[in-house]
Amino acid sequence: MKVFLALSKNYFRQVISLINNMKPSPKVLVTSSDEEVEVLCKHFGFEFRKLMEVQSIEELHNYDMAILALAEDSENISMFKIIKSFNIPIVIALLHNKDNRDIFISEGVHYIIDENEYINANLSTMLLPDTWVFITPISLVPKIKVAFYRVLRRALLGISYDDVKYLLSKLNLNIYVEFFNRFGNRTTGHVLAAGDYIVVSGFEDDVNKAVKELEKLFRKYEEIQASRILQQIKTKEYG
Amino acid sequence: MKFLRHGNRNIGIAGLSLGEVRKAGRVIADKMFSERYVLFYGFPSKRIIMRTKVFYVDPPLIRGKAMKVAIKLIHQPIVVIINAESNCINKDLVEKSIDEIESGEYAIHMSIPYTSTKLEMLYRKATSILLNIFPNVNLPNYPSYSLIVGVRKYFDLDEDTLWNYEHLATFMALLDGKTKVRIDDSNCKDNVQPVFSGMEELFIKSMLKSIIRLAMRRNIIERNIGLELLKEIEVNMQ
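Those sequence lines, one after another, are chains A and B.
Position 36 of the first sequence, counting from 1, maps to 36 under full-length UniProt numbering, and the rest follow consecutively.
Position 127 of the second sequence, counting from 1, maps to 127 under full-length UniProt numbering, and the rest follow consecutively.
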């Protein structure tokens, strides 16, 4: 197998450690704008070319795969435009800004890996309690999805696990649901407590449907709670 | 020449915008250009659907970076960069300036100033400093322009700026000596959006610094003198 790599220095360790584990070991050609990568390539014994030379490498017609992992989206796109004429069957590009996904698709990149999705998901599970956070674990297989939910204020509602499980079993969806406490162990109690995680995984459509139904359940419990509190407050009636 | 007007020329166009595309959107969508892009360098409120390809620049609010990205994206020998929020840009005006550059009369053509009053004030200060250092080089009258057409090689620089990238290109072209730069003073004038108020000093400082760094790289001024000038700018502009 022959692999063409356009690497920035930040991704060198990850990509090269992957390629060293491949058997049989592939032929690798690396380009980069960073000097550090050139030094590392000499150490590992990979063939290195400068960015300006890529246009004139005629061997690229025979390559099986190209991975574009440069530091910026614009660099990745311009590199892809140069490679386009060589008709490499598989091209994988790294995406930095979520909004630029459309331009990558319209240029004709085959597979896109969204790096910021994982950063975003990790941060938002910590910063935003009581909201659903979605993530696609492998972005090359877009139909599989995982949804996380961290319970904080809604723990006051006193929803039992059996209620949630009963609701989801009625829907007949192809999903897997699990509850964890805040230490990452499986929960042993009966009621959702503060800091608990709900994890729903499965096909994209099924997960979306399940999340919608669960949100409805929470809303209903909130309504009941609100009406109970209203009855307790003493109000004066005028007129 | 009708066949050139409707066919593909070797020109790429990029429209820079903070979040809105006005009259200039029609110019960008013209099929005369073989590469067409709209670059958003602000925080657009809603998802924008357009006929042309849309690119979102990171980090946002930095015009110099957006222009650099535009030049990276376009692979044609002649580059057109316009302000997509402008109301002054016509198709005829753009076409005329492209014709001049294709015929070889000029290397860079700029028109329609894009300024605020405070930016202009500070820019005058900066030009007076630059005139003392490079007496032979005439820089443009205004700190930024809405319509910039030029040969790609002058824009392909390593230097980074926050606001005005076009000045570096003109500086490079003027140093070449053989090439000509044309700067039109059209009647129309675009106003800089209020988002940038308060940042003017930083913008002008970064332009001054990058011009001096460019000159140091090309051995036009000595390294020691250049480093001293960079220190002086920090004090003088405050």
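All C-beta atoms, glycine included, are put in the ideal place defined by N, C-alpha and C.
So the candidates are the options; which of them puts its Cα closest to the Cα of residue i?
i         : options                                    : result
Ser197(B) : Ser111(B), Ser97(B), Leu139(B), Thr117(B)  : Thr117(B)
Thr179(B) : Asn90(B), Ala107(B), Pro59(B)              : Ala107(B)
Pro140(B) : Lys153(B), Ser111(B), Asp160(B), Asp156(B) : Ser111(B)
Lys53(B)  : Leu51(A), Phe104(A), Gln225(A)             : Phe104(A)
Gly12(B)  : Leu214(B), Arg182(B), Leu73(B)             : Leu73(B)
Ala210(A) : Val191(A), Glu237(A), Ser169(A), Thr187(A) : Ser169(A)
Met121(B) : Lys205(B), Leu157(B), Gln76(B), Ser103(B)  : Lys205(B)
Phe179(A) : Val191(A), Lys145(A), Leu171(A)            : Val191(A)
Glu95(B)  : Ile78(B), Leu174(B), Ser86(B)              : Ile78(B)
Val167(A) : Lys212(A), Phe12(A), Val54(A), Phe44(A)    : According to the sequence provided, residue 167(A) is Leu. The question's Val does not apply to it. Nearest of Lys212(A), Phe12(A), Val54(A), Phe44(A) to Leu167(A), Cα basis: Lys212(A).
Arg154(A) : Asp130(A), Asp163(A), Val177(A)            : Asp130(A)
Ile96(A)  : Ser8(A), Glu204(A), Gln231(A), Val141(A)   : Note that residue 96(A) corresponds to His in the displayed sequence, not to Ile. Selected option, being the one with the closest Cα: Ser8(A).
Phe183(A) : Gly189(A), Tyr197(A), Tyr176(A)            : Tyr197(A)
Cys188(B) : Leu18(B), Pro59(B), Leu93(B)               : Leu93(B)
Asp114(A) : Lys165(A), Ala93(A), Thr125(A), Leu128(A)  : Ala93(A)
Tyr142(B) : Asp158(B), Leu119(B), Ile129(B), Glu159(B) : Leu119(B)
Leu214(B) : Asp190(B), Ala169(B), Ala14(B)             : Ala169(B)
Ala71(A)  : Val91(A), Tyr11(A), Ser25(A)               : Tyr11(A)
Lys216(A) : Glu204(A), Glu58(A), Val164(A), Val39(A)   : Val164(A)
Below 9 Å on C-beta distance, what does residue i contact in chain B?
i        : result
Glu77(A) : The sequence shown places Ile at residue 77(A), rather than the Glu named in the question. By Cβ distance, chain B contributes Phe55, Lys72, Leu73.
Return the first residue and the last residue of the beta strand (DSSP E) that residue i is part of.
i         : result
Gly202(A) : 197-203
Val149(B) : 145-151
Asn20(A)  : First-last for Asn20(A): 12-21, but that is the alpha helix (DSSP H), not the beta strand (DSSP E).
Tyr149(A) : 144-150
Ser30(A)  : Before going further, note that residue 30(A) is Val rather than Ser in the sequence given. Its beta strand (DSSP E) spans residues 27-32.
Thr115(B) : 108-115
Looking at residue i: is its Cβ nearer than 8 Å to the Cβ of residue j?
i         : j         : result
Met207(B) : Ala126(B) : yes
Leu39(B)  : Ile89(B)  : no
Ala29(B)  : Arg51(B)  : yes
Met65(A)  : Ile88(A)  : yes
Phe55(B)  : Asn100(A) : yes
Tyr165(B) : Lys68(B)  : yes
Leu68(A)  : Phe86(A)  : no
Lys27(A)  : Lys2(A)   : yes
Leu135(A) : Ala121(A) : The sequence shown places Ile at residue 135(A), not Leu. Their beta carbons are under 8 Å apart, which means Ile135(A) touches Ala121(A) by this criterion.
Leu202(B) : Ile62(B)  : no
Val151(A) : Val177(A) : no
Ile82(B)  : Val21(B)  : no
Asp158(B) : Ile71(B)  : no
His109(B) : Ser128(B) : no
How many Å lie between residue i and residue j at the Cα?
i              : j         : result
Asn10(B)       : Ser34(B)  : 7 Å
Asn116(A)      : Arg124(B) : 42 Å
Ser144(B)      : Asn76(A)  : 29 Å
Asn174(A)      : Leu5(A)   : 38 Å
Ile112(A)      : Pro194(B) : 37 Å
Val15(A)       : Tyr161(A) : 42 Å
His61(A)       : Val151(B) : 31 Å
Asp185(B)      : Pro113(B) : 8 Å
Met199(B)      : Glu234(B) : 15 Å
Lys23(B)       : Asn87(B)  : 6 Å
Leu171(A)      : Leu214(A) : 11 Å
Gly158(A)      : Arg228(A) : 14 Å
Asp34(A)       : Pro44(B)  : 32 Å
Lys2(B)        : Glu105(B) : Interpretation of Lys2(B) is limited by its pLDDT of 49, a score under 50 that renders its predicted location unreliable; the figure taken from the coordinates is listed afterwards. Those two C-alpha atoms are separated by around 21 Å.
Lys91(B)       : Glu100(B) : 15 Å
Thr115(B)      : Val192(B) : 5 Å
Gly195(A)      : Leu29(A)  : 48 Å
residue 254(A) : Ile212(B) : Nothing can be reported for residue 254(A), as the shown portion of chain A is limited to 1 through 239.
Thr31(A)       : Tyr221(A) : 58 Å
Glu107(A)      : His75(B)  : 14 Å
His43(A)       : Leu18(A)  : 17 Å
Phe134(B)      : Phe171(B) : 10 Å
Lys234(A)      : Ala226(A) : 14 Å
Ile183(B)      : Asn132(B) : 22 Å
residue 260(A) : Arg13(A)  : Because chain A spans 1 through 239 in this model, residue 260(A) falls outside it and cannot be assessed.
Phe218(A)      : Asp102(A) : 35 Å
Phe148(A)      : Leu174(B) : 59 Å
Lys46(B)       : Val141(A) : 28 Å
Name the two residues that bound the continuous alpha helix (DSSP H) containing residue i.
i         : result
Gly64(B)  : 63-73
Met79(A)  : 73-83
Asn136(B) : Run containing Asn136(B): none; DSSP gives neither H nor E here.
Ile112(A) : Where Ile112(A) is concerned, there is no enclosing alpha helix (DSSP H), although the beta strand (DSSP E) it sits in stretches over 111-114.
Ser169(A) : 161-171
For a contact defined as C-beta to C-beta under 7 Å, what are the partners of residue i on chain B?
i         : result
Ser106(A) : Lys53
Ile103(A) : Lys53, Val54, Phe55
So residue i contacts chain B; which residues on that side make the cut at Cβ distance below 8 Å?
i         : result
Lys81(A)  : His75
Asn100(A) : Phe55, Tyr56
At a CB-CB cut-off below 8 Å, which residues of chain A make contact with residue i?
i        : result
Asp58(B) : Glu72, Asp73, His96, Asn97
Applying a beta-carbon distance threshold of less than 7 Å, which residues of chain A neighbour residue i?
i        : result
Val69(B) : Ser74
Please determine whether the Cβ atom of residue i lies at a distance below 7 Å from any heavy atom of the ligand MN.
i        : result
Asn97(A) : As for the ligand MN, it is missing from this structure, which has no ligand bound.
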